[in-house]
Amino acid sequence: MPLSLSQRYEIVFLKLHPLGPKMSNKAISKYIGCEPKAVRYWLGRWQENEDLSNLPKTGRPRATSKKTDLKIVNIAKREQNITSSDISNVLKKDGVNIDPSTVRRRLRESGGTYGPPLKKPLLTDKHREQRLIWARQHQHFNWDNVIFTDEKTFKLKKNGRKVWRFPGVTKIVRTVKYPLKLHVWGCFSKQGFGKLITFRHNLTGDFMCDIYENCLLPTAYRQFPEGPDSWILQEDNDLKHRSWQAINWKTDNQIQVLPWPSASPDQNPIENVWSIMKDTIGKKNIQTIQELEQEIRKTWKGLPVGLAVKLVDSMDRRVQCLIEANGDYTSY
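Just so it is clear: in the sequence shown, position 256 is 247 by the numbering used here, and no numbers are missing.
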């Protein structure tokens, strides 16, 4: 699939912009999800004439005007559950007769993707109030010494492939009754990505302390050798983090903990890391839980330091967006 205009500009920013992370072509291709040759091509185009638009093509004239293209995108952005067929029918009422497949092409050209909507926890008035207070308190906070942490569950995706079938030829896909899944805990700071652990059992207060001891502390010692006063721990308000075992461990080890508002995954940049990893791993033909674990570790190990820098640098914008949203959900 061709890169959208916004993705092309992101390539230029990641490599050439004075305020960008100056990532390598290989790291950019992994981050964007494209071939390295595409990165080289668009960087070359920019250095040649600072133009990232599509070159004019010969052949059949375009079926839609720029005005219609804009209308298609605006309808898709405005309506929650609208389909390409719905948009096609809306345009027909205005005298524009185009096929749903053309609608889909125009939406993809504008950087749109078709999939399930983002799922966010339900925010109460109390949540919004607490989020807004927290954002105002951390509007000018130094995020460079924060270690961001989180847990995530990776599931072995269901086999949704379709096959050609013929009389007398049976094609069978073996399935399991319950989905195979792995739980993951990971951490990172502006210094880079830290230790990651995978586990299959439930996360208890005692096991949370084991993670602190064997994953968090080694990462902190490596990234912040000055000691516990030189860094601060970010974690959400999950019960395991507030268990008496976890609280006692953090107190005994003099760990500073960053206050964190409830129901605020949009403020934790590690959520973007999980999204990138799930997209990358989802493209693999994984059949066993062992293969899933290998891919998780391989993908985590391949995450570039430039990505960590970019995500931590995004915190000021996240907090500002939260203030502008008056405590409601942001686009992050």
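Note that the Cβ used here is the ideal one computed from N, Cα and C, for glycine as well.
Everything numeric in this text was worked out from a predicted model, so none of it was measured.
Residue i Cβ short of 7 Å to the ligand ATP heavy atom set
i, result
"Ala299", "Although the ligand ATP was asked about, the structure shown includes no ligands whatsoever."
Counterpart residues of residue i in DSSP-defined beta bridges
i, result
"His174", "Thr144 and Phe190"
"Phe184", "Phe179"
"Val248", "Leu224"
Pairwise C-alpha distance: residue j and residue i
i, j, result
"Ile23", "Trp33", "13 Å"
"Asp116", "Phe179", "31 Å"
"Asp77", "Gln71", "12 Å"
"Val137", "Gln214", "11 Å"
"Glu1", "Val300", "15 Å"
"Glu204", "Lys68", "46 Å"
"Lys162", "Lys274", "Note on Lys162: pLDDT 46, under 50, position unreliable in the model; no value is reported."
"Pro252", "Glu226", "10 Å"
"Thr271", "Trp291", "10 Å"
"Ile280", "Ser56", "49 Å"
"Ser221", "Asn133", "12 Å"
"Pro303", "Lys231", "Checking the sequence shown, residue 303 turns out to be Val, not Pro. So the alpha carbons of these two residues sit roughly 25 Å apart."
"Thr93", "Ile287", "37 Å"
"Asn263", "Thr189", "18 Å"
"Arg309", "Trp235", "31 Å"
"Phe157", "Gln278", "Any reading at Phe157 needs caution, since the residue's pLDDT is 48, under 50, leaving its predicted position unreliable; the model's value is listed next. Computed Cα separation, rounded: 25 Å."
"Ser75", "Arg97", "10 Å"
"Gln245", "Ala211", "13 Å"
"Ala126", "Gln311", "7 Å"
"Pro219", "Leu194", "25 Å"
Proximity below 8 Å, CB of residue i to CB of residue j
i, j, result
"Thr140", "Lys172", "no"
"Arg122", "Leu313", "yes"
"Leu224", "Gln247", "yes"
"Leu46", "Cys25", "no"
"Ile261", "Gly177", "yes"
"Ile19", "Lys6", "yes"
"Leu61", "Leu(-4)", "no"
"Asp135", "Lys181", "yes"
"Met14", "Pro256", "no"
"Ala254", "His129", "no"
"Asn16", "Arg31", "yes"
"Ile66", "Ile73", "yes"
"Leu113", "Tyr320", "no"
"Glu142", "His174", "yes"
"Pro12", "Gly297", "yes"
Endpoints, the beta strand (DSSP E) within which residue i is located
i, result
"Leu224", "Ile223 to Gln225"
Backbone secondary structure at residue i - three-state DSSP
i, result
"Gly293", "coil"
"Gly318", "coil"
"Ile138", "strand"
"Leu264", "The sequence given here has Val at residue 264, not Leu. If DSSP states are grouped into helix, strand and coil, Val264 belongs with the helices."
"Lys231", "coil"
"Asp90", "coil"
"Asn205", "helix"
"Ile72", "Per the sequence presented here, residue 72 reads as Asn, with Ile not at that position. Coil."
"Phe4", "helix"
"Phe215", "coil"
"Gln278", "coil"
"Leu(-6)", "coil"
"Leu98", "helix"
"Leu302", "helix"
"Tyr22", "helix"
"Asn256", "Correcting the residue type first, residue 256 is Pro in the shown sequence and not Asn. Helix, per DSSP."
"Arg308", "helix"
Bounding residues of the alpha helix (DSSP H) (the contiguous stretch that carries residue i)
i, result
"Lys274", "Segment: none, Lys274 is in no alpha helix (DSSP H) and carries neither H nor E."
"Gly35", "Pro27 to Asn40"
"Arg324", "No answer is possible for residue 324: the residues shown for the chain start at -8 and end at 323."
"Val81", "Ser75 to Lys84"
"Pro107", "Counting along the chain, Pro107 falls outside any alpha helix (DSSP H), and DSSP gives it neither H nor E."
"Lys58", "Lys57 to Arg69"
"Lys13", "Note, Lys13: premise wrong, no alpha helix (DSSP H); not H, not E."
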